[in-house]
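In what follows, a single structure is set out as structure tokens and then discussed.
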Amino acid sequence: MLKIESLRAAVHGTEILKGIDLSVRAGEVHAIMGPNGSGKSTLAQVLAGRESYEVTGGTVTLDGKDLLGMPPEDRAREGLFLAFQYPVEIPGVTNIYFLKAALNAIRKHRGEPEMDAIDFLAYVRERMKLVEMDESFLNRSVNEGFSGGEKKRNEIFQMAVLDPKLAILDETDSGLDIDALKIVAAGVNAMRAPDRAIVVVTHYQRLLDYIVPDRVHVLADGRIVRSGDRSLALELEKKGYAWLEEGVAG
Amino acid sequence: MKTETQSVEDLARREYRYGFVTDIEADSVPPGLSEEIIRLISGKKREPAFMLEWRLKAFRHWLTMKEPTWANIHHPPIDYQQIVYYSAPKSQTGPKSVEEVDPELLKTYEKLGIPLSERAALAGVAVDAVFDSVSVATTFKEKLRSMGIVFCSFSEAVAEHPDLVERWLGSVVPITDNFFASLNSAVFTDGSFCYVPKGVRCPMELSTYFRINAAKTGQFERTLIVADEGSEVSYLEGCTAPMRDENQLHAAVVELVALAGASIKYSTVQNWYPGDKDGKGGIYNFVTKRGKCAGFRSKISWTQVETGSSITWKYPSCILQGDESVGEFYSVALTNNRQQADTGTKMIHIGKDTRSTIVSKGISAGFGQNTYRGAVKVLPGATNARNYSQCDSMLLGDTCGAHTFPYIDVANPTATVEHEASTSKIGEDQIFYFQSRGLSKEDAVNMIVNGFCKEVFRELPMEFAVEAQKLLGVSLEGSVG
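Chains as they are written, first to last, in our numbering: chain A, 689 to 938; chain B, -12 to 468.
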């Protein structure tokens, strides 16, 4: 589904991604781990199309379509979803209005009819259960005044509503207490499906106790230095990232 | 690499939709201003003697005045002798029934989305259409007349209700008020007049649609609304002009009078031609709007959405004379490209227990300069007066400006005056967030700006709120790259 080949990217002239190769098939959950500054978040942002990152080489395709040539909104309409590490606040725009506009933009792109307010409300109520959200939250402004945990839950809720082909979760676990982590993980697990791929970006192994990945990749200094199954994550936790860097050096 | 500044400054813009010119023969007076011209205008309008006297008095006073320079706006000097002060479609000699209106004019209003024939007229809205210097048609006049409501062009009011005009004209904005108001008093050619009798609740929205068509012509209209005791009226004005390279002057005066227990709601959607992206052309909009809450528990509420004009100079105000009277001002002002707006309100508390609310939302994009200027004045007799002001500014990009000048003058120790202000900026991270959910940059800006203006749009009559939202979208078109 997602195919990344020799991807290079720079920010303010400094190269952060130095040749990434990664292939994720439909139905799979991949975890990308790595120390701070290894390029994990950059990879997530580059895939979503953030303009402040400059792609300097390589290709990325989603179901065979060239992703890098599309503006960010087209990537989203093609089924890519990024759950942000730091979701931004949008004062004055309610969650329900925002989500309805987003869903309908995606549906329109797919050639499906737009959903009216009544159908949308019924649909959204059903999706809210996945992340145990209260309905009052729909009429609040997007992320405004939300706690860190609420913001992260909102990201997963949006994913559930927009029903993407490929979801990239950028450090969704950071700043969550254990109860919130469990809720978020349950939401993600409920979204696992044979026609959907999920890429989980995380610093800690902890999240992977709840969202069990099919593959684990370790990113260091802008390259994937090791790939393996779940046991790689456990080994990392035991030995720390330093072990890996030594391994690379040696 | 694109930074936030670049993407926001990357301006393009959609054509101003109402920029066409109607080809119609006009009866105009030569450019320039003198007593002779004023006599000519007054004569063409067959006005009674009191009107001519009033105009001449205003003109003589105007000659002693200087154009004000305190506003935060910049423009080349206006040559008042180059302006044509009267221009009327030739086919239109006086107010007629809609059936007799020149088809070319009907077509113009049709194109502007304002059908004037009674069959097609907007349901629930009575419209007075003013084309250059004259009113060309007023819809639903008969229906309103049956309830005792007078809604007609100003010329018609002068002819048919001279007593009402003489009594109230200049009672809120006197002829000596300010440079532009004095000029207007001397030369105003038409406008709308409305009188709602005691205890009558006007069953429909009243609306005036102003259109400047002729070149090098100023528009000087006068609106006077009187709501007698216990009556209620909601009034809306809209305006557009052709795209022209030269600047055109629009200096209107609006006077509102609310007697005891009466309520007037006055909404404006101002969409004069704003000039092109380099600031060439556009309307200079120097307008005096003031309402007097003359009686006990009277209420005047101004709502304005200002998106057009190259320069906006406008301060719809309330004189809260009656005890327990209420004044409100809700404003959205948007400046894009080279537009300048210096706008706000004055709330003058005279009576006891008077209340006022000010909600101002300024949006600047491109090289736009947006100034809020407001005064809250509490006089010694205004025991327990209360005011709440909220002024929010939003910036798109970093070549535009937002300025706030609140003046607060309290002479009664029991008064409560509150002022809140904020400035925000649409961030690149916010726009990216929308994009990552499948929404375009323009959707993002529209949704954020509309969210920002929600409190004001809520005050507009339903159908105009929708119109205002669309208008903001068009005005901001291309303000993010």
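Ideal Cβ positions, reconstructed from N, Cα and C, are used throughout, including at glycine.
Keep in mind it's a predicted model, so treat the numbers as computed, not measured.
Between Gln235(B) and Gly266(B), the CB-CB gap reaches or exceeds 9 Å.
CA-to-CA, the gap between Val213(B) and Glu739(A) works out to about 56 Å.
Counting along the chain, the unbroken beta strand (DSSP E) around Arg277(B) starts and ends at Gly269 to Cys280. For Leu151(B) and Leu426(B), the gap between their C-alpha atoms comes out near 55 Å. When DSSP reads this structure, Met721(A) sits in a beta bridge with Thr890(A) and Val906(A).
Judged by DSSP in its simplified three-state form, Asp865(A) adopts coil rather than helix or strand. Of Leu321(B), Lys364(B), Asp340(B) and Thr401(B), the smallest CA-CA separation from His390(B) is found for Leu321(B). The bridge partners DSSP lists for Arg813(A) come to none. Leu770, Phe772, Tyr774, Pro775, Val776, Glu777, Ile778, Pro779, Gly780, Val781, Thr782, Tyr785 and Phe786: these are the residues of the segment 770 to 786 of chain A whose beta carbon lies less than 9 Å from some beta carbon of chain B, given in chain order.
Short of 8 Å from the beta carbon of Thr782(A), and not among the five residues preceding or following it, lie these beta carbons of its own chain, in chain order: Leu826, Asn827, Arg828, Ser829 and Val830.
The beta-carbon of Arg713(A) is placed no less than 9 Å from the nearest beta-carbon of chain B.
Contact with chain A is absent for Ser351(B), since none of that chain's Cβ atoms lies less than 9 Å from the residue's Cβ.
Under the Cβ distance rule, Tyr420(B) counts among the residues neighbouring chain A, one pair being separated by less than 9 Å. Within the segment 383 to 429 of chain B, the runs of alpha helix (DSSP H) that reach at least 4 residues and sit entirely inside it are, in chain order, 415 to 422. In the displayed model, Pro149(B) falls within a helix according to three-state DSSP.
Taking each of Lys31(B), Gln68(B), Asn59(B) and Phe175(B) in turn and checking the Cα distance to Arg42(B), the smallest one comes out for Phe175(B). Taking a cut-off of 8 Å on C-beta distances, the segment 236 to 256 of chain B touches the segment 290 to 303 of chain B, as three or more cross pairs fall below it. Along the segment 704 to 738 of chain A, the positions whose C-beta sits under 9 Å from a C-beta of chain B are Gln733, Ala736, Gly737 and Arg738, read in chain order. In the three-state scheme derived from DSSP, where H, G and I count as helix and E and B as strand, Pro760(A) is classed as helix. Under the Cβ distance rule, Ile806(A) does not count among the residues neighbouring chain B, no pair being separated by less than 9 Å. In this structure, the beta-carbon distance from Ser194(B) to His48(B) does not fall below 9 Å.
In the three-state DSSP reduction, Ile337(B) falls in the coil class, being neither helix nor strand.
In its own chain, leaving out the 5 sequence neighbours on each side, no residue places its CB closer than 6 Å to the CB of Arg26(B). Counting along the chain, Trp300(B) sits inside the beta strand (DSSP E) bounded by residues Ile298 to Lys301. The residue from Gly875(A), Gly707(A) and Ser862(A) with its alpha-carbon nearest to that of Ala848(A) is Gly875(A). Taking 9 Å as the threshold, the shortest C-beta distance from Asn357(B) to chain A does not fall below it. Note on Gly799(A): under 16 other CB atoms within 10 angstroms of its CB, so exposed under the neighbour-count rule. About 7 Å separates the beta carbons of Leu459(B) and Cys440(B), which is inside the 8 Å limit, making them a contact pair. In the three-state reduction of the DSSP assignment, Tyr741(A) falls in the coil class, being assigned neither a helical nor a strand state.
DSSP, reduced to helix, strand and coil, places His237(B) within a strand of the structure shown.
Using a Cβ distance threshold of 9 Å, Asp310(B) and Thr341(B) count as a contacting pair. Under the three-state reduction of DSSP output, Ile692(A) falls in the strand class.
Listed as beta-bridge partners of Arg47(B) by DSSP are no residues whatsoever.
In terms of Cβ geometry, Lys279(B) and Leu243(B) form a close pair [threshold 9 Å]. For Arg360(B), the closest C-alpha among the options Phe166(B), Val346(B) and Pro367(B) is that of Val346(B).
In the DSSP assignment, Gly349(B) falls outside any alpha helix (DSSP H) and within the unbroken beta strand (DSSP E) covering Arg342 to Ser351.
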